[in-house]
Every structure is written in structure tokens, then in C-alpha cells.
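Chemist: Numbering (the working numbering), first residue to last: 730 to 970. Every residue gets a Cβ at the ideal spot worked out from N, C-alpha and C, and that includes glycine. Keep in mind it's a predicted model, so treat the numbers as computed, not measured. My questions will all concern the structure given below.
Here it is as C-alpha cells:
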């Protein structure tokens, strides 16, 4: 049975129009994943000390149907998909408000060794073998973004600061959506009005390093990339209509 929570939409997650869109939904999805793992004592509050490891997100997809307001609570559901190999796993998310689906999402993640700096099998953290479940759903699959900067234009440069860091001492995943949104101004996003977002996290971003943010626009999508100083990709993203 999916793990569920009732939440109160928070104005801190709002877009410039005052309502909660892609950014706020991603925040909520990360929150429920955190509580989901904490419920079985396999969260990032305990894994680093017990196993020298932490959950690391590798891809995130969010599809927005209706923005959230503040006139009613919202209901979050999540569950882990059955997996055929013991490293990368997917989790699904559904966010409902006013009796209808407001947004759906899919997360790909893995357990990462903080000592050896590589992915681990779930068995390395004594993860329960019967935890995943098959729940019928219509959540969109990952788009599988092109890992290329061909045809992209530099938009700005961003330095990773202390407030960007999480317990693994690299830039937390929630900072990426804001970093990519800042490639354009509010007028652009108001006109473009994206309803779909996917971010692939390719390499870790550390405190003090400067990232170059690039983008390429198409009729129904904006493609973005964050690049390390050595030219290696840190992340790629898509915002689509």
C-alpha cells in the first residue's frame, strides 16, 4: 500500500504568481520521500552514521496538471516500484488537491557510499527485500534527456555556497530547479508557463565551485545544462509545455 501524508500547502513554495507549481511540487515530493525512508529507519538522518552512505537522486520528473492553492489541504502518495537490479530504484508520486490529481512525479535514486564514492546495492544498508510494490498508475516515464550542450548559449554563472549543501556536502537537489529557472527572467517563464520538468543529476557540485548555466529554446521546451569548470556536465534539465 502506498505511503500517504496530508499536507498544508506552504506559501514559501509559491511561484511569482503566488500559487504552487513545479518547484513546490518537487519540494513536496522530496519531503514525502524523506518521511517514507524515515518510516523504516533508512533515511539520510541515519544512513551516513550507520552505513557511511546516503540516498542520492539521479533523475526527477514532475508533471503538473493544476497549481496548488491554500484553500484546502493536499494529499501525497508515494511507493517504490519493483526493481530488477539492486542499485537504481524508482519511486512514484501523486499529489492531489480538491479531489483531483494536481501533479505526478517519478524519482530515480540509489544508495551512495560516502567513503568509496560509488553506488551500493540496497543490501548494503539491510534494505527490506519486500518493500517495493506494483501499483497500477498512469505516471509518465522519464524522458531520458540528451547529455549534450550542442547549440546551447551561456546564460550566467553560479557559485555553489554553504546554504546549497546537504548532509552529503554537495549541492542539494532542490537547488537545481531554482538554478535552472534563474537562466531566464520572470517574464519569460510567465509566457512560457511550463507544466513538465525533468532533471538528471550527473555529477556532484561542491562548495566554492563555479557552474556555467547554458540553455537552448525550442517551441515547446527549454533545455538546460550546468557545467563544471573542467567542462564536465553536472546536470541537464528540460522544462516543457
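Using a threshold of 7 Å, state whether the C-beta atoms of residue 964 and residue 930 are closer than that.
Modeler: The count along the chain shown starts at 1 and reaches residue 964 at position 235. The count along the chain shown starts at 1 and reaches residue 930 at position 201. Yes. Within cutoff.
Chemist: What whole-angstrom Cβ distance do residue 811 and residue 863 have, given they're in contact under 8 Å?
Modeler: As a working mapping, residue 811 is identified with position 82 in the chain shown. As a working mapping, residue 863 is identified with position 134 in the chain shown. Confirmed, Cβ separation roughly 5 Å.
Chemist: Going along the chain, which residues of its own chain have a beta-carbon closer than 6 Å to the beta-carbon of residue 909, five neighbours each way excluded?
Modeler: Numbered from 1 along the chain shown, position 180 holds the residue referred to as residue 909. Correct list, in chain order: 953 and 966.
Chemist: List the endpoints of the continuous alpha helix (DSSP H) containing residue 915.
Modeler: Looking up residue 915 in the chain shown gives position 186. First-last of the alpha helix (DSSP H) with residue 915: 915 to 921.
Chemist: Beta strand (DSSP E) containing residue 807: first to last residue?
Modeler: Here residue 807 is taken as the residue at index 78 of the chain shown, counted from 1. Here the beta strand (DSSP E) through residue 807 covers 803 to 809.
Chemist: Using the DSSP secondary-structure output, state which residues sit across from residue 790 in a beta bridge.
Modeler: As a working note, residue 790 is residue 61 in the chain shown. Per DSSP, 835 and 927.
Chemist: Is there contact between the region 784 to 802 and the region 868 to 877, where contact requires at least three CB pairs shorter than 8 Å?
Modeler: Touching, per the Cβ criterion.
Chemist: What's the gap between the Cα of residue 838 and the Cα of residue 883?
Modeler: For the purposes of this step, residue 838 is taken as the residue at position 109 of the chain shown. For the purposes of this step, residue 883 is taken as the residue at position 154 of the chain shown. Whole-angstrom Cα-Cα distance: 29 Å.
Chemist: According to DSSP, simplified to helix, strand and coil, what is residue 891?
Modeler: The count along the chain shown starts at 1 and reaches residue 891 at position 162. Helix.
Chemist: Do residue 797 and residue 731 have their C-beta atoms within less than 7 Å of each other?
Modeler: In the chain shown, the residue the question calls residue 797 occupies position 68. In the chain shown, the residue the question calls residue 731 occupies position 2. Cβ atoms of residue 797 and residue 731: not closer than 7 Å.
Chemist: Hey, would you say residue 804 sits closer than 7 Å to residue 735, going by beta carbons?
Modeler: Translated into positions along the chain shown, residue 804 becomes position 75. Translated into positions along the chain shown, residue 735 becomes position 6. Yes; because the gap between Cβ atoms is below 7 Å, this pair is in contact.
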